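Taking it in order: structure first as structure tokens, then the write-up.
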Amino acid sequence: MNERQNDTNQQNSAVTVIGLGPMGQAMTRSLLNAGHPVTVWNRTAARAAGVVAAGATLAATPREAVEASGLVLLSLTDYRAMYDILDDATASLAGRTLVNLSSDTPERSREAAAWAAGHGADFLTGGVMVPAPMVGTEASYVYYSGREQVMEEHRSALALLGAPKYLGTDPGLAQMMYQAQLAVFLTTLSALMHATAMLGTAGMKAGEALPELLASADSIGAILRAGAGADGNPGTAIDAGEHPGDLSTVTMMGATTDHIVETSTSIGLDLALPLAVQSHYRRAIENGHGTENWTRIIDSIRGPR
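Per my numbering, the sequence shown starts with residue 632, numbered consecutively.
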């Protein structure tokens, strides 16, 4: 089969989507809009009404859903849900590809890959890095790990969800990247709300505060890259074990964390977030790294080795 024939087959291939929360529905619509026959299944069948009206086929059982397609996308609460749903469909998994786009731990992703292989199925771990309304847009991208050949076999369909970014063969790697990205996202959200609450005690409404705070958050990447070396990658020095303190130091940044904790305490805010950040700098100072760059806090975050 030549490359053009393979692309055509991918474009016309049937796809199953199991799990019809906002993300599953968005993926289904993206696939339908591109002309893929899509079979869906959801525990609460009523959630399928919208995508069925758009052209999807509702399967009566998970087994029927699995048997409808060679590519099965899972958009569930966690990996435990996959086992619960597919328990009666394991005899139908052989020769199919399961792509689990649910959130869980890297270790559970590895266990799921072994489970799928035990039933004769290929397995990809995936992490969709945009909210449901952005699925299928140019801004959407999805991390994958597992066998690269499996991802390439289904690239045409998977690309309709977002640009595929392949990380490696370890099934846990895409999940680790997903969790790492969410660690940045969720702590940033908490920081924004903490800062908004701080300003609120001074009489500034959220409508005034957030535009200023969001501008600050947006500039962080540019600030870090500007302070990096010739390659503009702030991670290069960390990989080399270098933490030059010519632009900022652990001591300087640590003093700022002290002030944030003091201010938050005085106005009665929750201290969980500022205390956690303060602890990173205090431990770095205690370990003799006060004159080095703030990136040295990664040592205490990594923990004993």
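Glycine included, each C-beta is placed from N, C-alpha and C at the ideal position. Bear in mind the structure is a predicted one, so any value in this text is a computation, not a measurement.
Notebook entry, point to check: Quick one, are the C-beta atoms of G757 and L707 less than 8 Å apart?
Noted result: Locating residue 757 in the sequence shown gives position 126, counting from the first residue. Locating residue 707 in the sequence shown gives position 76, counting from the first residue. No, Cβ-Cβ distance for G757 and L707 is not below 8 Å.
Checklist line | Where V646 falls, given that 16 or more other Cβ within 10 Å makes a residue buried | finding: If you number the sequence shown from 1, residue 646 lands on position 15. Of the residues assessed, V646 falls on the buried side of the cut-off, its CB having 16 or more other CB atoms within 10 angstroms.
Check: Within 10 angstroms of its Cβ, does N731 collect 16 or more other Cβ (buried), or is it exposed?
Finding: As a working note, residue 731 is residue 100 in the sequence shown. Around the beta carbon of N731, a 10 Å sphere encloses 16 or more other beta carbons of the protein chains shown; the residue is thus reported as buried.
Next item on the list: With a threshold of 16 other CB atoms inside 10 Å of the CB of S700, please say whether the residue is buried or exposed.
Entry: The residue labelled residue 700 in the question sits at position 69 within the sequence shown. So S700 counts as buried.
Notebook entry, point to check: Where do the ends of the alpha helix (DSSP H) carrying S787 lie?
Noted result: Locating residue 787 in the sequence shown gives position 156, counting from the first residue. Taken as a continuous stretch (DSSP letters only), the alpha helix (DSSP H) holding S787 covers 786-789.
Margin query: Using DSSP's beta-bridge definition, name the partner residues of F746.
Written below: Translated into the one-based positions of the sequence shown, residue 746 becomes position 115. A quick correction: the sequence has Trp, not Phe, at residue 746. For W746, DSSP assigns no beta-bridge partner whatsoever.
Next item on the list: Using three-state DSSP, classify S931 as helix, strand or coil.
Entry: Translated into positions along the sequence shown, residue 931 becomes position 300. The three-state secondary structure of S931, taken from DSSP, is helix.
Next item on the list: Whole angstroms is fine: what's the gap from S787's alpha carbon to W672's?
Entry: Locating residue 787 in the sequence shown gives position 156, where the first residue counts as 1. Locating residue 672 in the sequence shown gives position 41, where the first residue counts as 1. Looking at the backbone, the Cα of S787 and that of W672 are separated by about 22 Å.
Next item on the list: Determine, using beta carbons only, whether A725 and R694 come nearer to each other than 8 Å.
Entry: Residue 725 sits at position 94 when you count from the first residue of the sequence shown. Residue 694 sits at position 63 when you count from the first residue of the sequence shown. No.
Check: Do the region 818-831 and the region 677-691 touch if we need at least three Cβ pairs shorter than 8 Å?
Finding: Counting C-beta pairs with one atom in each stretch, the region 818-831 and the region 677-691 have fewer than three that are closer than 8 Å, which means they do not touch.
Next item on the list: Can you grab the Cα-Cα spacing for the pair N633 / L663, in whole Å?
Entry: Within the sequence shown, residue 633 is the residue found at index 2, counting from 1. Within the sequence shown, residue 663 is the residue found at index 32, counting from 1. Its pLDDT being 42, under 50, N633 is placed unreliably by the model, and nothing is read from it.
Margin query: Helix, strand or coil for Q636? Go by DSSP, reduced to three states.
Written below: Along the sequence shown, one-based indexing puts residue 636 at 5. The predicted model places Q636 with a pLDDT of 37, which falls under 50 and marks its position as unreliable; any figure quoted below should be read in that light. If DSSP states are grouped into helix, strand and coil, Q636 belongs with the helices.
Checklist line | Beta carbon of A657 nearer than 8 Å to that of V766 | finding: Here residue 657 corresponds to residue number 26 of the sequence shown, with the count starting at 1. Here residue 766 corresponds to residue number 135 of the sequence shown, with the count starting at 1. In contact: A657 and V766 (Cβ atoms closer than 8 Å).
Notebook entry, point to check: Is the beta carbon of G793 less than 8 Å from the beta carbon of Y772?
Noted result: Reading the sequence shown from its first residue, position 162 is the one you call residue 793. Reading the sequence shown from its first residue, position 141 is the one you call residue 772. At the C-beta level, G793 and Y772 come within 8 Å of one another.
Checklist line | From P764, W746, T728, residue whose alpha carbon lies closest to that of G655 | finding: Locating residue 655 in the sequence shown gives position 24, where the first residue counts as 1. Just measuring C-alpha positions, the residue of P764, W746, T728 sitting nearest G655 is P764.
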